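Student: Each protein sequence line maps, in turn, to chains E and S. The first sequence finishes on residue 1181 if you use the numbering used here, and the numbering steps up by one all the way, no holes. The second sequence finishes on residue 289 if you use the numbering used here, and the numbering steps up by one all the way, no holes. Note that CB positions come from ideal geometry on N, CA and C, so glycine has one too. Values in this document were obtained by computation on a predicted structure and should not be read as measured data. Have a look at this one.
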Amino acid sequence: MNFNLLIGGAAGQGMETLSFTLSKLLQRRGYHLFTLQDYMSRVRGGHNFFQLRFSEDRVKTHRDDLDGIIALNQETVDLHIGRLNPDGFIIADEDVTSDDPRLITIPAKRIAKELGNPKVQSSVILGALMKLYGMDVLHLEDILADKFDEKVINQNVEAFDKGHELVDARFEEPEITKEPTMMVQANESIALGALAAGLKFYSAYPMTPATSIMSYLVRKQKATKMIVEQAEDEIAAINMAIGASYAGVRAMTGTSGGGYSLMVEAVGMAGIMETPLVIAEIQRPGPATGLPTRTEQSDLNFVINSSHGEFPKMVIALRHPEDAFYQTARAFNLADKYQIPIILLGDQYMADAVRTVTPFDVDKVTIERHLADEEIYRNGKEYKRYELTDNGISPRLIPGNVAGTMVNSDSDEHDEMGNITEASDVRINMVEKRAKKLELLKEELLEPDFMGEEDLDVLILGWGSLHSPLSEAIELLNQSGEMKFGTLVFGDIWPLPEKRLRELSGKAKVLINVEQNYTGQLAALISQVTGIRVNHSVLKYDGRPLSAVEIKNKVLEVLR
Amino acid sequence: MIKKKEFVTFETAWCPGCGDFAILDALKESLQEMGKDPHRVLVVGGIGQAAKTPQYINANGFESLHGRALPPAAAAKIVNHKMTVIIDTGDGDSYGEGGNHFIHNIKRNVDMTHFVHDNQIYGLTKGQSSPTSDIGHVTDFTPDGVTSTPINPMASAIALGCGFVARAFSGDKEHLKSIMKEAINYNGYALVDILQPCVTFNKINTFAWYKKRVYNLDEDTSYNPTDKIQAFTKALEWGEKIPTGILYREDKKSYTDHISFLQEAPLIEQPVETEVIKGFMKDFM
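This is the structure in structure tokens:
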């Protein structure tokens, strides 16, 4: 079974509690799920909806057609009924009206009122919904325990039971192999990966859709003995993170494109100072304020080229929650090793989507600081912060630890000691030294994920959060039987890993890039770096996420 | 025993007669006399002539971006609060480009000392007006004289709740040193606005101009620097007479005093709580 539900209403109608409770009930019963929230940039009112897809098998991405609508208001029915499958259903309170035979109305509001708490109407609906799916014995009280007091929990449980009695079961519950899962968002995964990597200082200015990284860390700062600082602006946020990193701890900042625009001067400072830094840039549609609560992949070019001058940096596009966890942790090791800024690119789609994943294994995370050996400097070796070495990586010490040894870092060009200079030979040496580090980094890039048929006709190229929709789209395309399809989805994206790309593009008859932007930024990057020309593009830029079915249809369309 | 020369490094890029020399000298002597170890001192600058100070003193140095000296300095102190953190930078860097950081680091109250080399002019970019240039000051970029109201760093800092607000004059080294030491010892963000001549670009606020006007408030036994209203009144005094000394002080907790786990050890020495972090995964199950 594989069902796709939509819960809709106005902000403040208790939709979030309903969505959370439903998700948790399903997760604890052993289902895999993927949920997506569509909200407007306002605190109350407006139309908001939540989509939940669940199955006894893995679910990686959303689907557009609906098997059920849970309508907390009339508007939800009116707006979404067109997407409802012929055998689908709508559950709503009696005050929602429609001629559509698929509508099931229940007296949710009346029951809630009788129970003395109008807010528990959503639990009446939830009870009815669970019954439709043939699910009994659900421990609602366990899930609500952290959220409400005993009285409210009891009201909800009673409401749930009443709802459960109102309808008949339509489906039979399948056999489920229960395995532990985490139900998590990509932003939470970034925060968890950073904590596992030993993050001690996070400075940021709140900006949708990056804020949830910060809010997760804030809740954990005491337990993990780390500090989250809300800076006065993004410029302060990144400059603070660089200061913290210079002083010796693992530091990070996070923002969206607008905030990153303010940060870029300091990205260059981290570059020339050779101070490790991890930055999460969670994209939303721009330019300027753009569509604050929606999704896009339009900052790739900008991030790769961010800040004036030439210096090494790395860009990693995060693909899904597990990737976000492990790649974030890896980014800290690479930033420390090469003493460079590393930008993690996420987007609103993955930031707010919640899905079940195999629990993250903290033991798989290693912490490699790559600091210089303090002993040799205690024993009299002269310390040069920017010492010219064969591989371009200079010894990094934590200031204050070795008597007689000073750590001097500058945003101006500098000599090996960190003294400002305009000498031509020093400048040449320093530019080349920094550039060397990128060459070395290229040797340990991770090739993009490949999915589909190796002996392919069509190679689809994508990056970041499109990993999940593409993985499903490839299955659909290969089932269509027209041709053989494969996809490469980039995680490490700058520097661009070229091996698999060159190999597979040589085999394919047609190359198609699928991206959530207007200009096809990945295709342009590939062409710039490798000279490989991508024949066709599937691009979407309305701020709404691409689904697997949409990708399949558009790919077949361009091939016609 | 630390000798003064331990804080000495190489030749500077300053003009002969620049007030920066006296400030640099006073800073080196103050640190020396306070018994600070150079490797336990961090000097942070922004960009500008004054901001080159980290280059000319033998201590840890962080020469940041224009206007951005305060954020990395604050973070470095939060990370390792056993270090002495000093910011040396100019009036343009502090009150112009870095104005937002000036406001918010007063709020943040990290234990660090901000020495503003205030010459009321832009030196490195060759003579434009600065946030503290007086009305009527003619520069290449303000040929009819400055018309916008100068920032009053003392009054602004007091109004914003700064716990240590002082003004010094580069021409009175002993007084400057005594203020510097008090400021460095103060637990919290300490602002010291140091009046200094720019011998090349400011022909109005010269050494003689300042010398004629400044007087030592610290010698006035009737002055109570903990009285905020009195301090505010003093802060507004500018013109024929300019008060120097500690205008206002108020003891309060600094940023790191509020964080309980930092009372045991600095952040830099805190272990990674791997087992605790593993436990977080259960919250998502």
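Pull the bridge partners of F119(S) from the DSSP assignment, please.
Tutor: Locating residue 119(S) in the second sequence gives position 115, where the first residue counts as 1. In DSSP, F119(S) forms a bridge with D92(S), V196(S).
Student: Alpha carbon to alpha carbon, how far is I6(S) from R1017(E)?
Tutor: By 1-based counting over the second sequence, the position of residue 6(S) is 2. By 1-based counting over the first sequence, the position of residue 1017(E) is 396. Annotation note: pLDDT 45 at I6(S) (below 50); position unreliable, coordinate value reported separately. Each residue's Cα considered, the two are about 26 angstroms apart.
Student: Nearest chain E C-beta to D41(S) closer than 8 angstroms, yes or no?
Tutor: Here residue 41(S) refers to the residue found at position 37 when the second sequence is read from its first residue. By this cut-off, D41(S) is an interface position.
Student: Following the continuous beta strand (DSSP E) through W1084(E), name the residue where it begins and the one where it ends.
Tutor: Within the first sequence, numbered from 1, the residue matching residue 1084(E) stands at position 463. 1079 to 1084 is the extent of the beta strand (DSSP E) around W1084(E).
Student: How would you list, in chain order, the residues of chain E whose beta-carbon sits under 7 angstroms from the beta-carbon of Q59(S)?
Tutor: Translated into positions along the second sequence, residue 59(S) becomes position 55. In chain order: N1040, I1041.
Student: Please classify D224(S) as buried or exposed, where buried requires at least 16 other C-beta atoms within 10 Å of its C-beta.
Tutor: For the purposes of this step, residue 224(S) is identified with residue 220 of the second sequence, where counting begins at 1. Exposed is the call here.
Student: Which class does N669(E) belong to by DSSP, given the choice of helix, strand or coil?
Tutor: Numbered from its first residue, the first sequence carries residue 669(E) at position 48. Here N669(E) sits in strand by DSSP.
Student: With respect to the alpha helix (DSSP H) encompassing K1130(E), which residues constitute its N-terminal and C-terminal limits?
Tutor: The count along the first sequence starts at 1 and reaches residue 1130(E) at position 509. Counting along the chain, K1130(E) falls outside any alpha helix (DSSP H), and DSSP gives it neither H nor E.
Student: Looking at chain S, is there any beta carbon in it that lies within less than 8 angstroms of the beta carbon of P1020(E)?
Tutor: Mapped onto the first sequence, residue 1020(E) falls at position 399. With 8 angstroms as the cut-off, P1020(E) counts as an interface residue toward chain S.
Student: Expressed to the nearest angstrom, what Euclidean distance is found between the alpha-carbon atoms of T16(S) and N62(S)?
Tutor: Residue 16(S) sits at position 12 when you count from the first residue of the second sequence. Residue 62(S) sits at position 58 when you count from the first residue of the second sequence. Whole-angstrom Cα-Cα distance: 13 angstroms.
Student: Using a Cβ-Cβ distance cut-off of 8 angstroms, determine whether S882(E) contacts chain S.
Tutor: Counting from one through the first sequence, the residue named residue 882(E) turns up at place 261. No, because no Cβ of chain S sits closer than 8 angstroms to the Cβ of S882(E).
Student: Specify the secondary structure class of P20(S) as computed by DSSP and reduced to three states.
Tutor: Along the second sequence, one-based indexing puts residue 20(S) at 16. Correct three-state label for P20(S): coil.
Student: Strictly under 8 angstroms for the Cβ-Cβ distance: is V120(S) near chain E by that measure?
Tutor: In the second sequence, the residue the question calls residue 120(S) occupies position 116. Not closer than 8 angstroms to any Cβ of chain E, the Cβ of V120(S) fails to qualify, so no.
Student: Indicate, with yes or no, if the ligand PLP has a heavy atom lying under 7 angstroms from the CB of T93(S).
Tutor: Of ligands this structure carries none, so the ligand PLP is not represented either.
Student: Give me the subset of the segment 782 to 803 of chain E whose CB atoms are less than 9 angstroms from a CB atom of chain S, sorted by chain position.
Tutor: P801, T802, M803
Student: When DSSP labels each residue in this structure, what does G629(E) get in the three-state scheme?
Tutor: Translated into positions along the first sequence, residue 629(E) becomes position 8. Three-state DSSP puts G629(E) in a strand.
Student: Taking only three categories from DSSP, how would you classify I6(S)?
Tutor: As a first step, residue 6(S) is located in the second sequence; it is residue number 2 there, counting from the start. Unreliable placement is indicated for I6(S), whose pLDDT of 45 sits below 50; the coordinate value is still reported in the next sentence. Three-state DSSP puts I6(S) in coil, outside helix and strand.
Student: Please state whether DSSP places E855(E) in a helix, a strand or coil.
Tutor: Locating residue 855(E) in the first sequence gives position 234, counting from the first residue. Here E855(E) sits in helix by DSSP.
Student: Examine chain E for any beta-carbon lying closer than 8 angstroms to the beta-carbon of K207(S), and answer yes or no.
Tutor: Position 203 of the second sequence holds residue 207(S). No, because no Cβ of chain E sits closer than 8 angstroms to the Cβ of K207(S).
Student: Indicate the three-state DSSP secondary structure (helix, strand or coil) for M636(E) in the structure shown.
Tutor: Here residue 636(E) is taken as the residue at index 15 of the first sequence, counted from 1. Reduced to three states, the DSSP call for M636(E) is helix.
Student: Tell me which residues of the segment 93 to 107 of chain S have at least one Cβ-Cβ distance to chain E shorter than 8 angstroms, keeping chain order.
Tutor: N104, H105, I107
Student: Hey, how far is the Cα of I82(S) from the Cα of D1076(E)?
Tutor: In the second sequence, the residue the question calls residue 82(S) occupies position 78. In the first sequence, the residue the question calls residue 1076(E) occupies position 455. When rounded, the distance between both Cα atoms is 56 angstroms.
Student: Helix, strand or coil for F25(S) per DSSP?
Tutor: Taking the first residue of the second sequence as 1, we reach residue 25(S) at position 21. It is helical.
Student: Out of H121(S), I162(S), M289(S), which one is the CA nearest neighbour of P201(S)?
Tutor: Taking the first residue of the second sequence as 1, we reach residue 201(S) at position 197. The residue with the shortest Cα to Cα distance from P201(S) is H121(S).
Student: Output the residue ranges of the beta strand (DSSP E) runs that lie fully inside the segment 1029 to 1102 of chain E and measure 3 residues or longer, sorted by chain position.
Tutor: 1029 to 1031, 1070 to 1073, 1079 to 1084
Student: Mark D982(E) as exposed unless 16 or more other C-beta atoms lie within 10 angstroms of its C-beta, in which case mark it buried.
Tutor: On the first sequence, residue 982(E) is found 361 positions in, with the first residue counted as 1. Classification of D982(E): exposed, given that the 10 Å Cβ count is below 16.
Student: Which bits of chain E does N84(S) rub up against, with CB to CB less than 7 angstroms?
Tutor: Position 80 of the second sequence, counting from 1, holds the residue named residue 84(S). Under the 7 angstroms cutoff, chain E gives A868, G869, G1021.
Student: Are the CB atoms of A187(S) and A170(S) nearer to each other than 8 angstroms?
Tutor: Sequence index remark: in the second sequence, residue 187(S) carries index 183 (1-based). Sequence index remark: in the second sequence, residue 170(S) carries index 166 (1-based). Yes.
Student: Using 10 angstroms around the beta-carbon of P1020(E), count the other beta-carbons present and answer buried if the total reaches 16, otherwise exposed.
Tutor: As a first step, residue 1020(E) must be located in the first sequence, where it is residue number 399. Buried: at least 16 other Cβ atoms inside 10 Å.
Student: With D763(E) as the anchor, note down where its beta strand (DSSP E) starts and where it stops.
Tutor: Taking the first residue of the first sequence as position 1, residue 763(E) is located at position 142. Note, D763(E): premise wrong, no beta strand (DSSP E); alpha helix (DSSP H) at 761 to 765.
Student: Which residues bound the alpha helix (DSSP H) around I961(E)?
Tutor: Reading the first sequence from its first residue, position 340 is the one you call residue 961(E). Per DSSP, I961(E) belongs to no alpha helix (DSSP H) and is neither H nor E.
Student: I'd like to know if T278(S) contacts chain E, where contact means its C-beta is closer than 8 angstroms to some C-beta of that chain.
Tutor: The residue labelled residue 278(S) in the question sits at position 274 within the second sequence. With 8 angstroms as the cut-off, T278(S) counts as an interface residue toward chain E.
Student: Determine, using beta carbons only, whether G1085(E) comes closer than 8 angstroms to chain S.
Tutor: For this step, residue 1085(E) is matched to residue 464 along the first sequence. No, its Cβ sits nowhere closer than 8 angstroms to a Cβ of chain S.
Student: Take L1160(E) and list the residues in its own chain whose beta-carbon comes closer than 7 angstroms to its own, dropping the five residues that flank it on each side.
Tutor: The residue labelled residue 1160(E) in the question sits at position 539 within the first sequence. The beta carbon of L1160(E) lies closer than 7 angstroms to those of E1136, N1138, Y1139, G1141 in the same chain, with the five residues before and after it left out.
Student: For M5(S), decide whether its Cβ has a neighbour in chain E, counting only Cβ atoms nearer than 8 angstroms.
Tutor: Start at 1 with the first residue of the second sequence, and residue 5(S) comes out as number 1. Note that M5(S) scores a pLDDT of 37, beneath 50, so its modelled location is shaky; the value from the coordinates is reported in the next line. So, not an interface residue.
Student: Report yes if the CB atom of I964(E) is closer than 8 angstroms to the CB atom of E902(E), and no otherwise.
Tutor: Residue 964(E) sits at position 343 when you count from the first residue of the first sequence. Residue 902(E) sits at position 281 when you count from the first residue of the first sequence. Taking a C-beta distance under 8 angstroms as the contact criterion, I964(E) and E902(E) qualify as a contact pair.
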